[in-house]
Amino acid sequence: MPTRHVSRRLAREQRKLSRMQKGSANWRKQKLRVARIHEKMKNQRKDFHHKAANGLVERYDCVCVEDLDMRGMSRSLKLGKSTMDNGFGMFHALLSYKLEDRGKRLVTVGRLFPSSQLCHECGYRFSGTKDLSVREWTCPSCGRTHDRDVNAARNIRDEGMRLALSA
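Numbered by our numbering, the letters in the sequence shown go through residues 58 to 224 in order.
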């Protein structure tokens with residue numbers, strides 16, 4: 058997400074604002090600076106989402122996504138700020154309308170589907186990958202080593218295609 062650099066600048070400008078006398082001329086100027094930075098972050102996020110959604114819509118007829126619990130993820134100590142900054146709900150809505158506009162499909166896989174726990178190669182369900190610190194795991198059934206995110210993406214794609222074909 059391109060807003061990381063700008064968010065550091067925002068924090069610095071907000072600190073300056075907090076040290077100023079509320080209602081003064083300099084406080085009003087600083088408040089405008091902070092508002093402009095917020096606007097810039099919003100525009101960067103929106104631009105990034107439009108470009109990413111357009112890339113997916115142009116390349117694929119059917120896009121499969123996981124129904125994530127964003128509220129629960131935002132409460133996490135490690136994921137809170139990054140979850141709120143990425144604007145996944147906005148991206149999901151944007152992707153949905155762009156796909157629908159071009160007559161393509163968006164398939165949402167349920168959040169309870171064990172995408173990161175299934176071996177993409179043999180279908181073995183491995184329960185030891187729930188902890189986010191485990192980035193790679195080896196399937197005890199077929200011996201393949203999987204990157205957690207790539208394996209989950211393949212499983213979401215396969216489950217989404219199964220759901221799309223059964224509907």
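Beta carbons: idealized from backbone N, C-alpha and C, even for Gly.
Treat the numbers as computed from the prediction; the structure is a model and nothing was measured.
query = Would you say the region 142 to 155 touches the region 198 to 217, given that touching needs at least three Cβ pairs under 8 Å?
reply = no
task = Hey, could you find the ends of the beta strand (DSSP E) GLU178 is sitting in?
result = Run containing GLU178: none; DSSP gives neither H nor E here.
request  = Answer with buried or exposed for GLU216, where buried requires no fewer than 16 other C-beta atoms within 10 angstroms of its C-beta.
outcome  = buried
Residue nearest to VAL63 in terms of C-alpha spacing, selected from LEU189, ARG102 and GLU178 = ARG102
ask   = Residues bridged to THR195 by DSSP?
value = THR202
ask   = DSSP on LEU125, reduced to helix/strand/coil?
value = coil
key: Buried versus exposed call for MET218 [16 or more other C-beta atoms within 10 Å across all chains shown]   = exposed
ask   = What residue does the beta strand (DSSP E) around ARG162 start on, and which one ends it?
value = 162 to 166
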